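S.K.: Here's a structure for you.
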């Protein structure tokens with residue numbers, strides 16, 4: 166931080182592999198990610214426990230790269246931590262690869278790294294390896310991050326999108342569509358203001374509280390791109406079951422509903438980054454809900470529907486007039502509907 | 234008192250064909266599952282009141298030409314982005330480098346033009362009477378500020394002559410409440426004299442059900458009828474300020490409706506005093522005759538002459554992700570609604 | 097065809113109204129309505145307040161249904 170004037174921005178030299186690359190890594194990444202497993206060697210060397218590991222990777226691009234409730238750094242940790250958590254795996258180690266646009270402010274890069282560290286600490290995961298590339302101006306949008314993670318599977322827990330069964334309750338762990346709505350507003354294309362912050366959160370603790378309450382959980386999936394609606398169709402398809410949803414039970418923040426009303430959008434299709442969709446036998450649902458409602462990221466958890474044997478592959482909604490209507494399959498770009 | 238829903242569900246009189254003219258009605262009716270509570274004697278037909286659905290392919294071609302050949306920034310409602318032109322949609326043009334910006338209001342396009350004086354900004358002015366005042370306000374604002382880099386590509390349409398053209402397509406119209414908020418209800422009263430029945434309807438579940446129940450009850454006499462079921466928003470005189478504004482900025486013209494052909498005096502164009510804001514004149518666009526897929530039956534769907542499912546492209550070559558006809562691309566289009574909300578068990 | 101949004105007017109300035117729909121706020125043109133005041137409810141379309149709203153949909157629907165039970169069937 167001492168030599169800010171000459172080192173304000175990321176340059177192509179930072180990505181050339183020489184002394185300046187080492188400086189960037191020391192100043193930003195080693196300074197923030199410091200832990201015993203993060204070494205200067207070519208690969209992290211890690212102990213292997215008995216049992217099984219879960220292993221996943223995810224790339225993150227988001228415009229703008231910072232938004233109310235988080236930034237791309239926090240997002241990149243949450244995304245991979247949550248993918249591991251959905252399998253009932255305790256996140257252990259992450260790697261992260263950065264592609265940074267030439268001219269990106271170093272101070273912002275530090276903010277991103279700090280958010281990553283904070284989120285990783287909360288999730289109980291260590292960042293043990295990384296890579297940095299610098300791309301020419303205009304070749305990437307500010308910064309792209311890819312994270313890869315491994316986690317330790319919890320014994321006795323097996324979840325899969327193929328395990329939903331008729332008679333399961335469908336639970337969401339909080340109000341839907343916040344992240345997508347936040348990003349939409351942050352881009353300021355529609356000049357709408359609303360007090361909405363992203364739901365972006367690391368959810369291993371949330372999953373842990375559920376599996377401590379019940380081992381009989383069939384599906385846990387995080388609703389990211391495409392929102393809860395997309396997840397429901399994925400599960401209906403993978404498990405070859407029908408899903409019945411009660412539209413009145415889907416939690417939506419009033420502000421999100423207001424923004425969606427203005428732009429003709431459906432909250433069920435807006436992205437979340439801190440919401441899980443959970444399928445478990447109805448008998449287990451009360452214990453799971455009780456555990457969820459004590460958690461910091463799932464106080465508004467709710468049962469929104471059930472799994473049925475009828476209409477496999479389809480999601481049917483009971484609407485506000487008590488009629489049945491098919492939830493449209495999400496697809497394509499979300500476009501505001503005005504005229 | 235019977236509820237509106239009970240009146241509708243228990244109807245067993247003669248067959249009633251009701252045309253919802255407005256795309257937002259179509260969308261809400263499907264979303265709420267209203268078709269599923271209708272008895273077989275009530276049939277709902279989705280009419281031509283989705284501006285996207287009735288916008289001809291040639292209009293998209295003009296917009297693509299402005300973007301790709303003239304380098305203009307196209308500002309548009311999101312509704313139009315995926316509508317197929319003869320060669321490509323605006324989304325397709327965007328992938329070839331066209332600048333296409335989604336806006337909430339035409340007034341936002343004027344703001345964008347002011348902030349980007351080095352760019353030519355063209356707003357795609359589609360929509361019916363509800364949307365026309367916003368476009369007129371935008372043109373007036375640009376004129377008042379002397380913005381030389383703003384213009385509109387007009388395809389605005391008006392409903393009265395379309396109703397007349399559709400006379401006989403249905404026993405009663407569900408009139409589009411937000412159009413009547415501007416125009417008032419005189420046009421509907423006049424239609425009664427021609428034997429055309431209808432009610433003005435709002436857009437919430439209560440309002441749509443109430444309007445349908447009123448149609449059921451008033452149809453019993455067999456006499457043509459009109460009732461305003463949306464007086465909390467629609468006054469008999471409409472919006473005098475909006476009508477005055479529209480008359481000052483635009484004048485009637487013949488207009489092509491996708492699938493229906495040219496309906497005389499069913500469109501609006503800028504008056505000569507505002508010619509500087511007409512993108513066709515400003516960029517000397519050549520006449521464009523758009524080509525639609527000849528197998529597409531959107532036109533007949535819009536007139537209630539066939540159902541979406543009667544079209545052989547429906548659900549095969551033509552789906553919401555790969556739309557052929559405009560009724561599939563618009564979220565409010567009849568085909569899109571049929572496809573997305575269609576048959577729970579078979580669809 | 098015309099997605100309308102019911103919203104409350106928060107303030108008015110130079111022909112522009114700040115409107116609030118369940119916490120979603122935006123500036124829209126108030127040019128089409130003369131006597132608009134903060135607290136009024138308006139129907140908003142494409143960035144323009146197109147009409148004042150004078151009742152709730154539930155109350156309005158109830159009144160219309162009551163009128164049907166009266167002389168509705170003889171009303172032309």
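Chains as they are written, first to last, in this note's numbering: chain A, 166 to 504; chain B, 234 to 580; chain C, 97 to 172.
Virtual Cβ for every residue (Gly too), placed ideally from N, Cα, C.
Values in this document were obtained by computation on a predicted structure and should not be read as measured data.
So which residues of chain A does residue 128 of chain C contact, with C-beta pairs closer than 7 Å?
M.R.: By Cβ distance, chain A contributes nothing, its closest Cβ being about 17 Å from residue 128 of chain C, past 7 Å.
S.K.: In terms of alpha-carbon separation, which member of B:286, B:340, B:309, B:538 lies closest to residue 332 of chain B?
M.R.: Ranking B:286, B:340, B:309, B:538 by Cα distance to residue 332 of chain B puts B:309 first.
S.K.: Of all the residues that make up the segment 479-490 of chain A, which are near chain B by a beta-carbon distance shorter than 9 Å?
M.R.: Answer set for the segment 479-490 of chain A: 479, 481, 482, 483, 484, 485, 486, 487, 488, 489, 490.
S.K.: Just curious, the beta strand (DSSP E) that residue 257 of chain A is in, first and last residue?
M.R.: Element bounds for residue 257 of chain A: 254-266.
S.K.: Say whether chain A places a C-beta atom closer than 7 Å to the C-beta of residue 383 of chain B.
M.R.: Chain A, which has no Cβ nearer than 7 Å to the Cβ of residue 383 of chain B, makes this no.
S.K.: Mind checking if residue 569 of chain B is an interface residue toward chain C, Cβ cutoff 7 Å exclusive?
M.R.: No, no contact with chain C.
S.K.: Could you have a look at residue 287 of chain A and say whether DSSP puts it in helix, strand or coil?
M.R.: Three-state result, residue 287 of chain A: helix.
S.K.: Mind checking whether residue 604 of chain B and residue 356 of chain B have CB atoms under 7 Å apart?
M.R.: Residue 604 of chain B cannot be examined here, being either before or after the span of chain B that is shown, 234 to 580.
S.K.: Where does residue 404 of chain A land, buried or exposed, given buried means 16+ other C-beta within 10 angstroms?
M.R.: Label assigned to residue 404 of chain A: buried.
S.K.: Quick check on residue 555 of chain B - is its C-beta less than 7 Å from some C-beta in chain C?
M.R.: Not one chain C Cβ lies under 7 Å of residue 555 of chain B.
S.K.: For a contact meaning CB atoms closer than 8 Å, what does residue 237 of chain B contact in chain C?
M.R.: Those are 157, 161, listed as they occur along chain C.
S.K.: Assuming the contact rule is C-beta atoms closer than 8 Å, residue 435 of chain A and residue 345 of chain A should be a hit. Round their C-beta distance to whole Å, please.
M.R.: 3 Å between Cβ atoms; contact.
S.K.: Which residue marks the beginning of the beta strand (DSSP E) containing residue 49 of chain C, and which one marks its end?
M.R.: As shown, chain C starts at 97 and ends at 172. That puts residue 49 of chain C outside it, with no answer to give.
S.K.: So which residues of chain C does residue 419 of chain A contact, with C-beta pairs closer than 8 Å?
M.R.: Within 8 Å Cβ-Cβ: 118, 119.
S.K.: Where residue 360 of chain A and residue 317 of chain B are concerned, what is the direct C-alpha to C-alpha distance, given to the nearest angstrom?
M.R.: Whole-angstrom Cα-Cα distance: 37 Å.
S.K.: What does residue 573 of chain B touch in chain A if you count any residue whose Cβ is under 8 Å from its own?
M.R.: The contacting residues are 491, 493, 494.
S.K.: To which residues does DSSP link residue 390 of chain B through a beta bridge?
M.R.: DSSP lists B:500 as partners of residue 390 of chain B.
S.K.: Please decide whether residue 265 of chain B counts as near chain A, where near means a Cβ-Cβ distance under 7 Å.
M.R.: Answer yes: the Cβ-Cβ gap between residue 265 of chain B and chain A drops below 7 Å somewhere.
S.K.: Flag residue 355 of chain A as yes if its beta-carbon sits less than 7 Å from any beta-carbon of chain B, otherwise no.
M.R.: Output row for residue 355 of chain A: interface = yes.
S.K.: At which residues does the beta strand (DSSP E) containing residue 317 of chain A begin and terminate?
M.R.: Unbroken beta strand (DSSP E) run through residue 317 of chain A: 308-318.
S.K.: Which residues in the same chain have their Cβ closer than 7 Å to the Cβ of residue 301 of chain B, if we skip the five residues on either side of it in sequence?
M.R.: Closer than 7 Å at Cβ, skipping near neighbours: 326, 329, 331.
S.K.: Return the first residue and the last residue of the alpha helix (DSSP H) that residue 487 of chain B is part of.
M.R.: Element bounds for residue 487 of chain B: not the alpha helix (DSSP H) but the beta strand (DSSP E), 483-490.
S.K.: Residue 367 of chain B: buried (16+ other C-beta within 10 angstroms of its C-beta) or exposed?
M.R.: Residue 367 of chain B comes out buried.
S.K.: Going by the CB atoms, is the gap between residue 437 of chain A and residue 243 of chain A shorter than 7 Å?
M.R.: Cβ atoms of residue 243 of chain A and residue 437 of chain A: not closer than 7 Å.
S.K.: If you draw a straight line from the C-alpha of residue 168 of chain C to the C-alpha of residue 354 of chain B, how long is it?
M.R.: For residue 168 of chain C, the predicted model reports a pLDDT of 44, less than 50, meaning its position is unreliable; a value from the coordinates is still stated below. Rounded to the nearest angstrom, the two C-alpha atoms are 52 Å apart.
S.K.: Starting from residue 572 of chain B and walking both ways along the alpha helix (DSSP H), at which residues does that stretch end?
M.R.: Its alpha helix (DSSP H) spans residues 567-574.
S.K.: Suppose the cutoff is 6 Å on Cβ atoms and the five residues either side in sequence are ignored; what does the same chain contact list for residue 104 of chain C look like?
M.R.: Within the same chain, residue 104 of chain C has close Cβ partners 116, 137.
S.K.: Looking at chain A, which residues of the segment 440-461 of chain B have a Cβ within less than 8 Å of any of its Cβ atoms?
M.R.: Per Cβ criterion, the list reads 442.
S.K.: Count the other CB atoms, across all protein chains shown, that sit within 10 Å of the CB of residue 427 of chain B; report buried if there are 16 or more and exposed otherwise.
M.R.: Counting Cβ neighbours within 10 Å, residue 427 of chain B comes out exposed, since fewer than 16 surround it.
S.K.: Please go through the same chain and pick out, in chain order, the residues whose beta-carbon is closer than 6 Å to the beta-carbon of residue 255 of chain B, but skip the five residues on each side of it.
M.R.: Cβ within range, chain order: 282, 409.
S.K.: Counting only Cβ-Cβ distances shorter than 8 Å, please list the residues of the segment 318-342 of chain B near chain C, keeping chain order.
M.R.: Correct list: 337, 338, 339, 340, 341.
S.K.: Tell me which residues share the same chain as residue 440 of chain B and place their Cβ nearer than 8 Å to its Cβ, disregarding the 5 neighbours each side in the sequence.
M.R.: Within the same chain, residue 440 of chain B has close Cβ partners 410, 434, 462, 463.
S.K.: Using a Cβ cut-off of 8 Å, which residues of the segment 256-272 of chain A contact any Cβ in chain B, in chain order?
M.R.: So nothing in the stretch comes that close.
S.K.: Quick one: complete alpha helix (DSSP H) runs, 4+ long, within the segment 283-322 of chain B?
M.R.: For the segment 283-322 of chain B, whole alpha helix (DSSP H) runs of length 4 or above, ordered along the chain, are 284-287, 290-301.
S.K.: Counting pairs of Cβ atoms below 8 Å between the segment 291-299 of chain B and the segment 261-270 of chain B, do you hit three or more?
M.R.: Contact between the segment 291-299 of chain B and the segment 261-270 of chain B is absent, because fewer than three Cβ pairs lie under 8 Å.
S.K.: Would you say residue 541 of chain B faces chain C, with C-beta separation under 7 Å as the test?
M.R.: Not one chain C Cβ lies under 7 Å of residue 541 of chain B.
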